[in-house]
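231 is the number that the numbering used here gives to position 231 of the sequence shown; each next residue is one higher, with no gaps.
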Amino acid sequence: MTALKVSKTKPKSELSPLPPEAAAALQSQVAALAAACEAGEDLESLKRLVTPNPQDPQWDLHLMASLGNILHPLVPPLLAARFGGSPDKARRKALKRVLHLLKTRGVPVPGDLLAGEEPAFAPVRPPAVKSTISPILGNGDAYLVLEGPKEILGGNFLVAIINDPAGLQECHLLNLKSRQQTEIWDHYRQHGLTEWYPVPGPYAVRLLEAAYQAKTAVSAAKSTYGSLREKVWKNWGRPEAAPDLEQVLPVIESGERRRLLEHSRQLATNPLFQTWMPALEELTPWVDKMQEIQQSPLVLSEPQKQARGDALVDEATLVLYPPETRPLWRRRLLAMSYCLDLGQHLEEARMARAAADDLGDLERSAVAGENPFLKS
């Protein structure tokens, strides 16, 4: 018997800590369940070891999150059996998120697991079929790679460049030997694309479809993808089966929102986001104005200089990222949050989600100032 896999990654939870006695009981219950899984117990036996508490939402949310660290094929049906019938919105969202995380860690999650709902996840696909995406660059480009047996598409390596909002820019079907595949990945890394994220097939297909349908998509790229479209859908999944990012990304509790939004400033120094910076010629006039404030011959106190500097940064942010572009930046931040989450950069994922939520908050008061991520 192979040893039971238990995830060593402990996501930083946005949940409030349980009281000591409850935390100890939770740890004991999860340990007993892990031992039962390793011993080969059946689903009915495992159900008896899991005790939800309908009167205590925090207990159930902590329990689901902890069960998500047990990488065993019976854990998804166990979670569905114990929590799938809950009408509570918070529990349902938490359940979907834990099932999604289990799937990204290699645990089979059937698409029809949650009875009475549209399948939230794609059917289990052959392991030979893979989808990988690069981070989103500042001009909106992202590289998307589909890999599979040659018999499916006529080649084993489909490379597409998609752009939000310009659509499908390039699409190439290649037939590469293993050495050539290594070389092309090395080529991308040497040109700055050092981070890549495995994504569910239907998510990759949804991105391709959105790019394909864009009016400004390049015709040659559309023609290539159009000829392969039916086979891609059949083997990688349908776009409507893609995860809803609003549902699967971690919910930001109101008490954490301000902290994470302020910390989103740190993302601007992350190499993944450095291409999002405006061009040097766009920034130079604002840098010059800032120097004028700092070197003003007028007698200004430090608080006055700080206030003028802050006002200038808000003004620059509004000009460089005008209101009509905010939905675009929000979409990109959500997509990057999802990639970071899949890559287990969990705190950065939550920061990006908080920054995206802030850009989508139509009731946000102007008194709050500009979006901290864009300002930084």
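We put the CB at the ideal spot given by N, CA and C, even for glycine. On a predicted model such as this, the values are computed, not experimentally measured, just so you know.
* To do: Report, in whole angstroms, the separation of the C-beta atoms of residue 202 and residue 237, which I expect to be a contact under 8 Å.
  => Here the question's residue 202 lines up with position 202 in the sequence shown. Here the question's residue 237 lines up with position 237 in the sequence shown. 3 Å between Cβ atoms; contact.
* Within 8 Å, strictly: CB atoms of residue 211 and residue 162 -> Locating residue 211 in the sequence shown gives position 211, counting from the first residue. Locating residue 162 in the sequence shown gives position 162, counting from the first residue. A contact, by the Cβ cut-off of 8 Å.
* Asked: Which one of 174, 170 and 113 has the shortest CA to CA distance from residue 153?
  -> As a first step, residue 153 is located in the sequence shown; it is residue number 153 there, counting from the start. Closest option to residue 153, Cα to Cα, is 174.
* Is it right to say residue 142 is buried, meaning 16 or more other beta carbons lie within 10 angstroms of its own, or is it exposed? -> Numbered from 1 along the sequence shown, position 142 holds the residue referred to as residue 142. Its Cβ being crowded by 16 or more others within 10 Å, residue 142 is buried.
* Is the region 85-94 touching the region 60-73, taking contact as three or more C-beta pairs under 8 Å? -> Touching, yes.
* Could you tell me which residues DSSP puts in a beta bridge with residue 325? => Taking the sequence shown and counting its residues from 1, the one referred to as residue 325 is at position 325. Its beta-bridge partners do not exist; DSSP assigns none.
* Asked: Along the chain, where does the beta strand (DSSP E) that runs through residue 163 open and close?
  -> By 1-based counting over the sequence shown, the position of residue 163 is 163. Where residue 163 is concerned, the enclosing beta strand (DSSP E) stretches over 157-163.
* Asked: Taking all protein chains shown into account, do 16 or more other C-beta atoms lie within 10 angstroms of the C-beta of residue 164, making it buried, or fewer, making it exposed?
  -> Along the sequence shown, read from residue 1 onward, the residue named residue 164 stands at position 164. Residue 164 should be labelled buried.
* **Residues of its chain near residue 262, where Cβ-Cβ distance is below 8 Å and the 5 sequence neighbours each way are ignored** => For the purposes of this step, residue 262 is identified with residue 262 of the sequence shown, where counting begins at 1. Excluding its 5 nearest sequence neighbours in each direction, residue 262 has C-beta neighbours in its own chain below 8 Å: 372, listed in chain order.
* To which residues does DSSP link residue 172 through a beta bridge? -> Position 172 of the sequence shown, counted from the start, is the residue given in the question as residue 172. Looking at the DSSP output, residue 172 shares a beta bridge with 159.
* Have a look at residue 240 and residue 207 and give me their C-alpha separation to the nearest angstrom. => For the purposes of this step, residue 240 is taken as residue 240 along the sequence shown, with counting starting at 1. For the purposes of this step, residue 207 is taken as residue 207 along the sequence shown, with counting starting at 1. Straight across, the Cα-Cα distance linking residue 240 with residue 207 is about 11 Å.
* Find the nearest neighbour of residue 345 within the set 272, 67 and 329, judged by alpha-carbon distance. => Translated into positions along the sequence shown, residue 345 becomes position 345. For residue 345, the closest C-alpha among the options 272, 67 and 329 is that of 272.
* Residues that DSSP places opposite residue 132 in a beta bridge -> Here the question's residue 132 lines up with position 132 in the sequence shown. Looking at the DSSP output, residue 132 bridges to 145 and 198.
* To do: Per DSSP, which residues does residue 167 bridge with? Please list them.
  => Walking along the sequence shown from the start, residue 167 turns up at place 167. Answer is 163.
* Return the Cβ separation of residue 81 and residue 47 in integer angstroms, given the expectation that the two are a contact with Cβ distance under 8 Å. => Sequence index remark: in the sequence shown, residue 81 carries index 81 (1-based). Sequence index remark: in the sequence shown, residue 47 carries index 47 (1-based). Contact holds; Cβ gap of about 6 Å.
* To do: For the alpha helix (DSSP H) holding residue 288, just list the boundary residues, first then last.
  => Against the sequence shown, residue 288 aligns to sequence position 288. For residue 288, the enclosing alpha helix (DSSP H) begins and ends at 280-294.
* To do: Please name the residue, chosen from 75, 51, 140 and 138, that lies closest to residue 113 on a Cα-to-Cα basis.
  => Taking the sequence shown and counting its residues from 1, the one referred to as residue 113 is at position 113. Taking only the C-alpha atoms, the option nearest residue 113 is 75.
* From residue 334 to residue 298, what does the alpha carbon distance come to, in whole angstroms? -> Along the sequence shown, one-based indexing puts residue 334 at 334. Along the sequence shown, one-based indexing puts residue 298 at 298. Residue 334 and residue 298 have their C-alpha atoms roughly 44 Å apart.
* Along the chain, where does the alpha helix (DSSP H) that runs through residue 378 open and close? -> Past the boundaries of the shown model lies residue 378; the chain is included only from 1 to 376, so the question cannot be answered.
* Asked: In whole angstroms, what is the alpha-carbon distance linking residue 294 and residue 313?
  -> Locating residue 294 in the sequence shown gives position 294, where the first residue counts as 1. Locating residue 313 in the sequence shown gives position 313, where the first residue counts as 1. Rounded to whole angstroms, the separation of the alpha carbons of residue 313 and residue 294 is 13 Å.
* Asked: Would you report the Cα separation of residue 277 and residue 359, rounded to the nearest angstrom?
  -> Here residue 277 is taken as the residue at index 277 of the sequence shown, counted from 1. Here residue 359 is taken as the residue at index 359 of the sequence shown, counted from 1. A direct Cα-to-Cα measurement between residue 277 and residue 359 gives close to 17 Å.
* **Buried versus exposed call for residue 191 [16 or more other C-beta atoms within 10 Å across all chains shown]** => For the purposes of this step, residue 191 is taken as residue 191 along the sequence shown, with counting starting at 1. Classification for residue 191: exposed.
* To do: Report the rounded CA-to-CA distance for residue 317 versus residue 18, giving the unit in angstroms.
  => Position 317 of the sequence shown, counting from 1, holds the residue named residue 317. Position 18 of the sequence shown, counting from 1, holds the residue named residue 18. Taking the straight line joining both Cα atoms gives about 41 Å.
* Asked: Taking just the CA atoms, how far does residue 68 sit from residue 268?
  -> Here residue 268 refers to the residue found at position 268 of the sequence shown. Here residue 68 refers to the residue found at position 68 of the sequence shown. Cα atoms of residue 268 and residue 68: separation of roughly 31 Å, rounded to the nearest angstrom.
* Leaving out the 5 sequence neighbours to the left and right, which residues in its chain are closer than 6 Å to residue 158 when beta-carbon positions are compared? -> The count along the sequence shown starts at 1 and reaches residue 158 at position 158. Once the five neighbours on either side are set aside, the close Cβ partners of residue 158 are 146 and 173.
* Are residue 99 and residue 79 touching if we call contact CB-CB under 8 Å? -> The residue you call residue 99 lines up with position 99 of the sequence shown. The residue you call residue 79 lines up with position 79 of the sequence shown. In this structure, residue 99 places its C-beta atom within 8 Å of the C-beta atom of residue 79.
* **Buried or exposed by the 16-neighbour rule on C-beta atoms within 10 Å, applied to residue 106** => Within the sequence shown, residue 106 is the residue found at index 106, counting from 1. Taking every protein chain shown into account, the CB of residue 106 has fewer than 16 other CB atoms within 10 angstroms, so this residue is exposed.
* **Whole-Å CB distance - residue 341 paired with residue 193, under 8 Å assumed** => The residue labelled residue 341 in the question sits at position 341 within the sequence shown. The residue labelled residue 193 in the question sits at position 193 within the sequence shown. That pair is no contact at about 19 Å.
* What separation, rounded to the nearest whole angstrom, lies between the Cα atoms of residue 50 and residue 24? -> Here the question's residue 50 lines up with position 50 in the sequence shown. Here the question's residue 24 lines up with position 24 in the sequence shown. So the two alpha carbons sit approximately 15 Å from each other.
* Would you report the Cα separation of residue 247 and residue 96, rounded to the nearest angstrom? -> One-based indexing of the sequence shown puts residue 247 at position 247. One-based indexing of the sequence shown puts residue 96 at position 96. Those two C-alpha atoms are separated by around 8 Å.
* Asked: Secondary structure at residue 42, three-state DSSP: helix, strand or coil?
  -> For this step, residue 42 is matched to residue 42 along the sequence shown. Residue 42: coil per DSSP, three-state reduction.
* Asked: Considering only C-alpha positions, which residue in the set 307, 352, 292 and 315 is nearest to residue 260?
  -> For the purposes of this step, residue 260 is taken as residue 260 along the sequence shown, with counting starting at 1. Per the Cα distances, 352.
* Rounded C-alpha distance that separates residue 279 from residue 323 -> Looking up residue 279 in the sequence shown gives position 279. Looking up residue 323 in the sequence shown gives position 323. In a straight line, the C-alpha of residue 279 is about 19 Å away from that of residue 323.
* Asked: Mind checking residue 310: buried by the 16 CB within 10 Å criterion, or exposed?
  -> Along the sequence shown, read from residue 1 onward, the residue named residue 310 stands at position 310. Under this definition residue 310 is an exposed residue.
* Straight-line gap, residue 10 to residue 65 (C-alpha atoms, nearest Å) -> Walking along the sequence shown from the start, residue 10 turns up at place 10. Walking along the sequence shown from the start, residue 65 turns up at place 65. Low confidence applies to residue 10: its pLDDT is 48, below 50, so where it sits in the model is not reliable enough to give any reading.
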